[in-house]
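Undergrad: Here you go, one structure.
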Amino acid sequence: MATTSAKKARKDGSDSEERIRARNEAAILTAAIDLFARKGFDGTRIAEVAEHSGLPKANVYYYFPAKEDIYRALIDRLIASWDTALEELQPGRDPAEAIMAYIRAKLDYSRRFAAQSKLFANEILSGAKFLDKAGRNHVKQATRAKAAVIEGWIAAGRMAPIAIPHFFIMLWSTTQFYADFEVLACDAMEVSRLTKKDFEAAALAIGEIVLRGCGLAMPPA
């Protein structure tokens with residue numbers, strides 16, 4: 008029968024292995040994001056990912072047997088961030104506050120993870136080869152669930168009737184634009200680079216325009 012100390016040693020060893028795996032996988036994904044965003048899937052080599060991550064190429068293959076696995080993991084991570092942002096749209100919340108929170112969450116992610124946003128944009132523009140049917144269905148279902156929240160607010164007279172699919176398309180496009188087409192955003196705003204304050208100003212501007220179209224006033228700051 009294993010002693011308490013032996014069990015603890017095994018548990019500590021397992022925890023350590025999990026921490027090492029998490030750290031190494033994060034290093035690989037972080038290195039891959041910028042490479043895929045700049046060079047595309049076909050132009051990126053595993054050797055480059057290994058070099059930028061600081062890990063041997065064998066380690067990269069240990070955690071991700073194929074380049075496609077790294078790429079798909081990054082897409083899954085972005086979709087998960089969208090899920091998190093969508094959770095701001097809850098039926099019990101004030102519609103204006105919820106919509107503003109959603110806009111801020113999407114813009115904040117675009118600011119902090121611009122390369123990942125560009126990677127996804129490139130994936131869509133190249134035909135969504137790696138966004139599989141399950142991923143697309145997930146996005147559809149998540150969007151339908153939140154469309155039902157909007158429908159509930161409209162039915163309850165809490166906001167004006169709107170074309171809900173276009174509401175989401177407009178929010179997706181505006182909040183991603185600042186990352187995906189940063190050069191154009193900088194030119195339009197006549198700045199050399201976008202700062203956190205620029206993203207905060209964008210949230211207020213987008214929010215005011217969208218809320219006005221929904222028959223809502225800006226919530227208190």
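Residue numbers for the sequence shown, in the numbering used here: 8 to 228.
Heads up, the beta-carbon is just placed ideally off N, CA and C, and yes, glycines get one too.
Identify which residue in 28, 92, 146, 116 has its Cα closest to the Cα of residue 106.
TA: The option with the nearest alpha carbon to residue 106 is 92.
Undergrad: Mapping DSSP to helix, strand and coil, what is residue 184?
TA: helix
Undergrad: Using CA coordinates, which residue listed in 180, 162, 53 is at the minimum distance from residue 124?
TA: Out of 180, 162, 53, 180 has the C-alpha closest to the C-alpha of residue 124.
Undergrad: Please confirm if the stretch 55-66 is in contact with the stretch 115-132, defined as three or more CB-CB distances below 8 Å between the two stretches.
TA: Counting Cβ pairs under 8 Å, fewer than three are found: no touch.
Undergrad: If you draw a straight line from the C-alpha of residue 151 to the C-alpha of residue 136, how long is it?
TA: 23 Å
Undergrad: Just checking my contact of residue 187 with residue 128 at CB under 8 Å: how many whole Å lie between their CB atoms?
TA: 4 Å
Undergrad: Spatial neighbours of residue 112 within its chain, please: CB distance less than 8 Å, with the 5 preceding and 5 following residues excluded, ordered by chain position.
TA: 91, 92, 95
Undergrad: Does DSSP classify residue 215 as helix, strand or coil?
TA: helix
Undergrad: Excluding the 5 residues preceding and the 5 following residue 146 in the sequence, name in chain order all residues of the same chain whose CB lies nearer than 8 Å to its CB.
TA: Short of 8 Å from the beta carbon of residue 146, and not among the five residues preceding or following it, lie these beta carbons of its own chain, in chain order: 86, 89.
Undergrad: Can you grab the Cα-Cα spacing for the pair residue 169 / residue 51, in whole Å?
TA: Roughly 43 Å separates the two Cα atoms.
Undergrad: Which residues in the same chain have their Cβ closer than 8 Å to the Cβ of residue 218, if we skip the five residues on either side of it in sequence?
TA: 103, 106, 107, 224, 225
Undergrad: Could you have a look at residue 119 and say whether DSSP puts it in helix, strand or coil?
TA: helix
Undergrad: In terms of residues, what are the limits of the alpha helix (DSSP H) holding residue 60?
TA: 53-60
Undergrad: Going by beta-carbon coordinates alone, are residue 39 and residue 77 separated by less than 7 Å?
TA: yes
Undergrad: Tell me which residues share the same chain as residue 37 and place their Cβ nearer than 8 Å to its Cβ, disregarding the 5 neighbours each side in the sequence.
TA: 60
Undergrad: For the alpha helix (DSSP H) containing residue 91, list its first residue and its last residue.
TA: 74-93 is the span of the alpha helix (DSSP H), which, as asked, contains residue 91.
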